[in-house]
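What follows is a single structure, written as structure tokens, with notes after it.
Residue numbers (the numbering used here), protein chains in the order written: chain A, -2 to 360; chain B, -2 to 360; chain C, -2 to 360.
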């Protein structure tokens, strides 16, 4: 593993937390791209993200006290405003301009907080991928937006989502179905400058187990459609529909059940990742039991992924050389990794990370 | 610790598992010499050992599914035969010849599976040290052949077994006896090209506590004989007998109780080891309670070793230089380590490990 | 972190253990300055500290058996006297002079054992800081002298104790009090060649919560005095008094409650530390409930410190550069660290650590 500053695209928006994780005046300690951050909501309602290390001697601000839109370190009482500027040192009148912690731009879209870990001057909120179903009342999501922590490089989760043939083997009894899904369906991807998209049909097959659980009264044989989009740095958006055979050629869409799914992968470190997700539907929105069924089924499926991906991570970390061999189904993940590399090089070339000057460690 | 490829003799047979650990169509994930391996028994009865990392993206084959003598990776469905050749990729017709995982020769002898981690072309099953009592019905072993995992370099276990004076101090109340054992008995070793052997008598002494537990009606004073053999890479074979004083000069051997003991040490990594053992006797073979007594006593004794050896390992791992000082009783272990070094150099010179070409890590 | 030998002042006395931790003929395994030590009390009453690694093959002497003032390794029976010289090898007549373990000078003062990790020839017991209240019957201490283990560099605990403004924020409800303590009181330090001292008054304030718990019938408004001394390598001594306002100008000291407090910080490794402490008073000495109250209050306060300091350690260990920014209240800790650096350079220049010759690792 190379130095952290070389691993990441710095100047882009990363999913950071669901709003409910950062309660009003509460504090969330979370690491992004190897950097420790404290997030909190100020009393004005503003979300704030700061370096979690008090500039004095690195005591955690996440153990501090929110005061207005400021936070006070509860070790020696230094107080920082939402720009990270130290505005109070108890018993000391003059505060040097060097006394500040780094502040990270934060934006909220559809209850999802996004963070910008690069140069704040480059942060344009218009670049955030705002997923429309999250705020559209036609779509009903989970009882609460969900989070999982992975002990793996975030790119392995992206790999997972880039090849749907794994549904047949990993998720046979949950999100996938028969192994025919891997063999019979093709995944023709559309290559984008910042990711990929593809549509994948599975015709005349049994509906996926999770759908049957949520909606037991549908047809036994369906045409299943997935429309997938994946964007740098790790944004996965998917439309899923189950309907009677041939529904896409029919005027009657009344028996077609639609889902909207978003998943966000954000590096915590090079070997651990944050994973955020919601799963929404446009039918029987007021039936809470369906929301719970979908939450439980999806979580069951994600755990199937998590177990195998974390095992994969451990095997890849071994001090024993491993040469991966590509297969045809890798086209999406291969393009995504190539895209990532291109954008990373561009980011590092155009916006080199400032070199930190550290006079001396206090350890 | 140097790179893994430099630490081991590659071209020799290592004890890998008892057959009962690899149930029919079950899968055993185990690391040998820093390399991750999956072992399973194919439906034909054949034992198979493969690199545990699917050649696609290192998902663990040990989470796969045995099909005939093949195993299918349950991530994206690649199927490998017992030679490690990929014979199926779902949804893909052509399979490149590069798509394979390493296959390791495996042989079974007396319920013990042996693995060859070096060049398969050099693997000669005739070189396996086949311990005759394991298959000779005159000898009754434990209720089940036994395994322990050690958090130490395997050579420290070999050191332990190479000097029997530790019986007096570590195993006073279990396998050893009084401290006179360390002082009064001499251990004249015979140096071999691939190990050592020695005979050690303890005359006119109390029988060892474990023997008294298993066979309470023997004489109170005995002559005890141990005949020990140790071979590279870590094969320990021992004949033990307790009999009336002077039994070796007597025609009457009826009161002499004989044991046969095998112990196998295999490196998992440079700091962890596999340990396999059985303990057999040629008296009252049908009395299961004696087998159980011996199993419990030996396990008690091995735990005494394990505690002190693992503490030794921790102290040797410290970043504080340690200069070992030899004692007279080190002759066996010193010869073994010298033998190991000679054979290791010969192995590395005559059969250099192939250099792995890795185009790029996917982490 | 640089190599252990460069991190420490070797030639000085470090607090090592309370006497009750080293019971007669018992053995205490403890690491100091990255070196593994076994401490025991010989049958003559003498305290002994030796390298915990038997010179033979590094088996832990702490698993050994005390015999007189010697200790016998219970792996192969080597016996070492209190100077670390091997005096017996079972079954071997001649013992080479090289067969010895390092012996560390140990001295006891007021139930506290001190160890000298440097050149034994330089160890002068007169240099030990013998805290008089520990042996003066006028001062009543805790029910038992206390120990805590910290997962942090010991210098971070010294930093903590060098700036009392943290009492206002970390110990509001235990050892400190209102935040006025940080703002209103000044800490004028006296710089010493081997540390610092200061006196800090807090006038006309509520007494600290821990004092109210121990002595509920005192005045509601007090003048509080702390007189603090800190010496290299990590010796903290403090006089504390709570009395009626203006008590220091009064002839009547009857309502002044006095405490004496000692705390000792000793590096275990670069990232872990030993912490020893006692808290004594000169009033109602026979009331055990006050001793218990003080013990519980102080422990509660030290846990408040421990939580924030260990979090600070973790943040400082991150692979993300951190530049500390000084504040006015840092004067004591800054002087202490400067003093430490000066004395460390002097120690390393005048008494270079001997270079260990190690022929070969047995791992």
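We treat Cβ as the ideally placed atom computed from N, Cα and C, and that holds for glycine. Please read all numbers here as calculations on a predicted model, not as lab measurements.
CB-CB length for residue i against residue j, believed under 8 Å
i, j, result
"residue 278 of chain C", "residue 140 of chain C", "Incorrect: roughly 13 Å between the Cβ atoms, too far for contact."
"residue 206 of chain A", "residue 182 of chain A", "Rounded, the Cβ-Cβ distance is 17 Å, inconsistent with contact."
"residue 348 of chain B", "residue 7 of chain B", "7 Å"
"residue 351 of chain B", "residue 11 of chain B", "At roughly 19 Å, the Cβ-Cβ gap does not stay under 8 Å, so residue 351 of chain B and residue 11 of chain B are not in contact."
"residue 175 of chain C", "residue 203 of chain C", "7 Å"
Residue interval of the alpha helix (DSSP H) (run including residue i)
i, result
"residue 178 of chain C", "177 to 181"
"residue 166 of chain A", "163 to 167"
"residue 304 of chain A", "285 to 314"
"residue 151 of chain B", "151 to 159"
"residue 254 of chain C", "That residue, residue 254 of chain C, is in no alpha helix (DSSP H); its beta strand (DSSP E) goes 254 to 266."
"residue 32 of chain C", "Careful: residue 32 of chain C lies outside any alpha helix (DSSP H), inside the beta strand (DSSP E) at 32 to 38."
"residue 2 of chain C", "1 to 4"
Minimum C-alpha distance to residue i - residue among the options
i, options, result
"residue 222 of chain B", "B/216, B/96, B/235", "B/235"
"residue 238 of chain C", "C/215, C/232, C/230, C/229", "C/215"
"residue 85 of chain A", "A/359, A/112, A/42, A/51", "A/51"
"residue 48 of chain C", "C/40, C/42, C/70", "C/70"
"residue 46 of chain C", "C/53, C/36, C/55", "C/36"
"residue 213 of chain C", "C/287, C/174, C/12, C/337", "C/287"
"residue 92 of chain B", "B/228, B/75, B/339, B/324", "B/75"
"residue 309 of chain B", "C/164, C/358, C/82, C/191", "C/358"
"residue 168 of chain C", "C/18, C/271, C/110, C/295", "C/295"
"residue 257 of chain C", "C/225, C/143, C/173, C/156", "C/225"
"residue 268 of chain C", "C/312, C/259, C/241", "C/312"
"residue 40 of chain A", "A/20, A/54, A/29, A/59", "A/20"
"residue 133 of chain B", "B/159, B/147, B/106, B/158", "B/106"
The beta strand (DSSP E) enclosing residue i, as first and last residue numbers
i, result
"residue 194 of chain C", "192 to 202"
"residue 232 of chain A", "232 to 241"
"residue 220 of chain A", "219 to 228"
"residue 64 of chain A", "62 to 64"
"residue 331 of chain A", "Note, residue 331 of chain A: premise wrong, no beta strand (DSSP E); alpha helix (DSSP H) at 328 to 347."
"residue 146 of chain B", "143 to 147"
Below-9 Å beta-carbon distance, residue i vs any chain C residue
i, result
"residue 225 of chain B", "no"
"residue 391 of chain A", "Only positions -2 to 360 of chain A appear in the structure, and residue 391 of chain A is not among them; the question remains open."
"residue 163 of chain B", "yes"
"residue 334 of chain B", "yes"
"residue 358 of chain A", "yes"
"residue 96 of chain A", "yes"
"residue 9 of chain A", "no"
"residue 146 of chain A", "no"
"residue 355 of chain A", "yes"
"residue 53 of chain A", "yes"
"residue 305 of chain B", "yes"
Residue-level contact to chain B via CB, residue i, 9 Å cutoff
i, result
"residue 72 of chain C", "yes"
"residue 316 of chain A", "yes"
"residue 75 of chain A", "no"
"residue 81 of chain A", "no"
"residue 181 of chain A", "yes"
"residue 13 of chain C", "no"
"residue 93 of chain C", "yes"
"residue 27 of chain C", "no"
"residue -2 of chain A", "Unreliable placement is indicated for residue -2 of chain A, whose pLDDT of 49 sits below 50; the coordinate value is still reported in the next sentence. True, the Cβ-Cβ gap to chain B drops below 9 Å."
Residues that residue i contacts on chain C, provided the C-beta gap is smaller than 8 Å
i, result
"residue 31 of chain A", "315, 316, 317"
"residue 176 of chain B", "74, 87"
"residue 149 of chain A", "The contacting residues do not exist; residue 149 of chain A stays about 19 Å from chain C at best."
Any C-beta of chain A under 9 Å from that of residue i
i, result
"residue 152 of chain C", "yes"
"residue 233 of chain C", "no"
"residue 60 of chain B", "yes"
Where residue i meets chain B, residues with beta-carbon distance less than 7 Å
i, result
"residue 50 of chain C", "312, 319"
Proximal residues of chain A, C-beta to C-beta of residue i below 8 Å
i, result
"residue 284 of chain C", "Simply none; closest approach about 34 Å."
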